[in-house]
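A short worksheet on the structure shown next.
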Amino acid sequence: MRRTAPGAGKAALTDSPQPGAGAEPEQPPPAAAAPAPAAQARQLRTEFAFELPRGYVDESGTVHRDGVMRLATARDELVPLRDMRVQENPAYLSVVLLGRVITRLGTLPLVHDGVVENMFASDLAFLQDFYRQINAEGHTRAGVTCPHCEQPFEVELGGSRLGES
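This is the structure:
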């Protein structure tokens with residue numbers, strides 16, 4: 001295996017310049033100095049801000065509307081399936097799942113499934129839709145053609161409830 005370019009000779013074998021030779025240290029290529037703008041634009045966004053339509057009202061009467069939801073992991077969708085509340089009532093899956101992925105809600109110190117289960121129904125429906133939007137990224141619909149009239153249309157491929165994909 002060749003470790004130096006052909007014709008590079010002994011100069012390529014030295015890591016540092018010879019004293020007094022006037023050579024400057026090697027500089028990395030300009031492309032390695034900073035990531036290209038296209039690479040920066042492709043960074044994965046994992047957290048998404050939202051505003052609840054009505055807002056969660058805590059024990060002291062404070063309304064919390066602004067929050068942040070993170071992308072769900074496979075674990076986020078699997079762990080709630082072992083929860084006894086979900087096993088007894090599958091509709092409870094969305095409450096437990098949202099309690100795992102909402103990272104901030106107003107000034108609450110912690111968001112958990114107990115907070116989610118005490119939200120207004122309109123806020124819960126909003127969060128369920130928001131969860132689907134940020135986790136699906138438009139990959140749950142497929143273009144198809146009607147076999148009878150040959151008109152194109154889209155069908156939903158994902159599950160109808162949170163955690164069903």
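With this note's numbering, the residue at position 86 of the sequence shown is 86, and numbering never jumps.
For each residue, glycine too, the CB sits at the ideal point set by N, CA and C.
With three or more C-beta pairs closer than 8 Å as the rule, is the segment 45-55 touching the segment 120-139?
yes
At which residues does the alpha helix (DSSP H) containing F120 begin and terminate?
From DSSP, F120 is part of no alpha helix (DSSP H); its letter is neither H nor E.
Taking the alpha-carbon of R100 as reference, which of V155, L78, F120 has the nearest alpha-carbon?
Selected option, being the one with the closest Cα: L78.
Report yes or no: do three or more beta-carbon pairs, one from the segment 103-117 and one from the segment 146-156, lie closer than 8 Å?
Per the Cβ contact rule, the segment 103-117 is not in contact with the segment 146-156 (fewer than 3 Cβ pairs under 8 Å).
What residue range is occupied by the uninterrupted beta strand (DSSP E) comprising A49?
47-57
Look at the alpha carbon of V96 and the alpha carbon of R82, and state the distance between them as a whole number of angstroms.
Cα to Cα, the separation comes out at about 11 Å.
Measure the CB-CB distance between L98 and Y131 and report whether it falls below 8 Å.
yes
Does DSSP put D76 in a helix, a strand or coil?
helix
If distances are taken between C-alpha atoms only, which option among M119, I134, G67 comes closest to R45?
I134
Element boundaries [beta strand (DSSP E), containing R186]
The structure shown does not extend to residue 186, since the chain spans only 1 to 165, so no value can be given for it.
D113: buried (16+ other C-beta within 10 angstroms of its C-beta) or exposed?
Around the C-beta of D113, 16 or more other C-beta atoms lie within 10 Å, and the residue is accordingly described as buried.
Measuring straight from C-alpha to C-alpha, what distance separates R65 and V155?
33 Å
Run of the beta strand (DSSP E) containing R70, from where it starts to where it stops:
63-70
With distance defined between alpha-carbon atoms, name the residue in F48, R70, E59 nearest to V115.
E59
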